[in-house]
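Here is the structure we will look at.
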Amino acid sequence: MTSSKIELPGEVKTDADAAALMASLQLMPSPVPNADIKYTKIFINNEWQDSVSGKTFPVYNPASGEQICEVQEAEKADVDKAVQAARLAFTLGSVWRRMDASERGRLLAKLADLVERDSAYLATIESMDSGKPFLPTLFVDLQGTIKTLRYYAGYADKIHGTSIPMDGDYLSFTRHEPIGVCGQIIPWNFPLMMTAWKLGPALACGNTVVLKPAEQTPLTCLYIGSLVKEAGFPPGVVNILPGFGPTAGAAIASHMGIDKVAFTGSTEVGKLIQEAAGKSNLKRVTLELGGKNPNIIFADADLDLAVEQAHQGVFFNAGQCCTAGSRIFVEEPIYEEFVRRSVERAKRRTVGSPFDPTTEQGPQVRIEGHRPCKGGRSQTITSMTKHISYRLNMCMTKYNVFYLLYVKYTPLAFLLASSFLLPPFSFSSPLLSSPLLSSPLLSSPLLSSPLLSSPLLSSPLLSSPLLSSPLLSSPLLSSPLLSSPLPVSLLNQISQEQQSRVLEFIQSGISEGARLECGGKALGLKGFFIEPTVFSNVKDDMRIAKEEIFGPVQQIMKFKTIDEVIERANNTEYGLVAAVFTSDITKAMTISTAMQAGTVWINCFNALSMQCPFGGYKMSGNGRELGDCGLKEYSEVKTITIKISAKNS
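Rendered as structure tokens:
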């Protein structure tokens, strides 16, 4: 089943609607020009400190390959100092241990407020550091961070035990107590949001934290340290140590003074952390690891929706997602059409500079070891040229209309529509009562729309005096961060090593007989870019079908029966997420109950929410993050029993 053809809204041709669209564009959030990097030291005991060794390491902008700044490099001696501070803050009778649970919640809520206050700055340096496009970073990562902190702030004074009707003359009840000092190791693909996923439940339960951000992307996490202090958390409760996995990370995993470690990253490193935890003090471990996730498309699915969601499920964040739906199983009757549409969608993907407002996707992250460098000043983003008319056309279309659709069709369902209703889209705006917003366009798949190649983009509106209006002096359009020397048709990987790794996977797919439908090459003079790549005729025993690529590579496979696809989808060492697209609820429930995965999405993809537990089966990890299950990972249950003289019911 396919969607009906989309009709373009004629109302956009009126001057009033066009002016409202342009006004909305003017008020879109903008990056912070010349954003300085304020914090590059180790954060221990609410103080900024140099590393014990005096070592530093460089942080690079993956969109250009140029150095941003140098950061202090934490090693084992620094971990020892941080653990000592965290243990002191957790001592019985300390300010933190004596604090009311409601006050812990207030501090977390204050931290969320401060993140919200500084969200434009945080989104800017997150984009510099990781290559994520600015607007999705602001609307997805920052909103996810704020909402997660507020969610766990509300839970802080609602963590309680139960009374137990024990046999005999006894009174028995349980207490939920904090574990103690928690080591937390953050990945580079979602640096800020993963910090909130870890800090939120740990602090709500009353633990103290020693946190190591990824060495590739430490800058937003370090800034969070300044906000922790500003919010009023006592010294030693949160300690942040930028450093490398084999040194600082290994020290956290094996430290006898750390009671629990939580890690998000590769399965290979997760095994090492579990081993180190077992060999030391048998500390509790939560692991959120890799995935090779199946996305099953039946012939009765809404094909427009399925193509767009499968596309976003693979290419979101340059393919650098553990949830990437990289194994796409398509039922035989619609296989060729699905491949054709997927290739068309990949070819028109708008990707490039993180600070170009038309960019959907940025670079891969640098993952090679540190190099010697000199100097410590941050490199500010230089001023670029203003937008061209093509860019304006795309801005008008995508960021005035498409972002209202984005919340319905793209990742992270906890982003409510109100997150995207900017001032011109207030509920009293004439635009909201316009037929434009009741058009079939607004119920259509987001970017599979022919809108991008529609007459709208060649409309007389675009050559009208409106385009010389003062509205076009919007900070978004004149921001020095806007333009880039990089081609818009490229995907930027986070590092040269990651780029080479993805290209090697692509070559293996070609060598093993998969059909390369589009993409497959590295491009660009700066940064680490790879074309959006689509393979068809992929077999289950090929490397690209078995191993996690972590890049912009889509693999499309064919199936005939439901029993066949269940067996093939589960034939993997991973079990993080899965998805199914069908109009038949029986098929949907059959697949969802059969999948060996921690999360299954039906007719959607990447619909994550801070209220819903997240974690994997098999080698995708153990334990759960988010929801009330996330709290259980950071608390111990103690049973207390009292002998009484005579019990009465």
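According to full-length UniProt numbering, the sequence shown is numbered sequentially starting from 1. All C-beta atoms, glycine included, are put in the ideal place defined by N, C-alpha and C. Since the structure is predicted, the reported quantities are computational estimates derived from the model, not experimental observations.
Cutoff 6 Å; reference residue 639; Cβ partners in own chain excluding five residues on either side: 174
Beta-carbon proximity of residue 324 to residue 362, cut-off 8 Å: no
Buried/exposed call for residue 296, threshold 16 Cβ in 10 Å: buried
Under the three-state DSSP convention, the category residue 294 falls into: strand
Distance between residue 357 and residue 463 (C-alpha atoms, nearest Å): Here residue 463 scores only 39 on pLDDT, less than 50, and its place in the model should not be relied on; the value that follows carries that caveat. Rounded to whole angstroms, residue 463 to residue 357 spans 21 Å at the Cα level.
Nearest-angstrom Cβ-Cβ length linking residue 587 and residue 329, presumed shorter than 8 Å: Incorrect: roughly 13 Å between the Cβ atoms, too far for contact.
Neighbour-count burial assignment, residue 143, 16 or more Cβ in a 10 Å radius: buried
Residue 673 vs residue 339 beta-carbon contact at 8 Å: Because the chain here runs from 1 to 649, residue 673 falls outside it and cannot be looked at.
Meets three-Cβ-pair contact criterion under 8 Å: the region 301-320 and the region 578-587: yes
C-beta contact flag for residue 128 and residue 44 at 8 Å: no
CB contact flag (residue 59, residue 71, <8 Å): yes
Residue nearest to residue 80 in terms of C-alpha spacing, selected from 255, 604, 165 and 234: 255
Three-state secondary structure assigned by DSSP to residue 668: Because the chain in this structure spans residues 1 to 649, residue 668 falls outside the shown range and cannot be described.
Residue 411, buried or exposed, once every other Cβ within 10 Å from all chains shown has been counted against 16: Residue placement at residue 411 is flagged as unreliable, the pLDDT there being 37, under the threshold of 50; the coordinate-derived value follows with that caveat. Under this definition residue 411 is a buried residue.
Opposing strand residues paired with residue 255 [DSSP bridges]: None; residue 255 has no bridge partner.
For residue 82 and residue 47, the rounded distance between their alpha carbons: 11 Å
DSSP beta-bridge partners of residue 619: Answer is none; residue 619 lacks a bridge partner.
CB-CB length for residue 626 against residue 188, believed under 8 Å: Actually they do not touch by this definition, with Cβ atoms about 20 Å apart.
Three-state class that DSSP yields for residue 687 in the structure shown: Because the chain in this structure spans residues 1 to 649, residue 687 falls outside the shown range and cannot be described.
Proximity of residue 643 and residue 170 at Cβ, strictly below 8 Å: yes
Option nearest residue 114 by Cα separation, candidates 508, 167, 223 and 315: 223
Buried versus exposed call for residue 474 [16 or more other C-beta atoms within 10 Å across all chains shown]: Its pLDDT being 41, under 50, residue 474 is placed unreliably in this model, and the coordinates cannot settle the point.
Enclosing beta strand (DSSP E) for residue 602 [first to last residue]: 599-602
Spatially closest choice to residue 30 from 205, 86, 354 and 246, by CA coordinates: 354
Residue 246 beta carbon less than 8 Å from that of residue 214: no
N-terminal and C-terminal residue of the alpha helix (DSSP H) that residue 122 is part of: 119-130
Inter-residue CB distance, residue 571 and residue 540 (contact presumed, cutoff 8 Å): 7 Å
CA-to-CA distance, residue 603 to residue 305, given in whole angstroms: 8 Å
Reference residue 622; option with closest CA among 635, 62, 597 and 611: 597
Near the ligand MG: residue 252 beta-carbon under 7 Å from a heavy atom: No copy of the ligand MG appears in this structure; indeed no ligand is present at all.
Beta-carbon contacts of residue 649 that lie in its chain and below 6 Å, excluding the five residues immediately before and after: none
Proximity below 8 Å, CB of residue 533 to CB of residue 553: yes
DSSP-derived helix/strand/coil call for residue 500: helix
For residue 61, the nearest candidate out of 95, 292, 528 and 563 (CA to CA): 528
Integer-rounded CB distance, given that residue 618 should sit under 8 Å from residue 573: 6 Å
Where residue 646 falls, given that 16 or more other Cβ within 10 Å makes a residue buried: exposed
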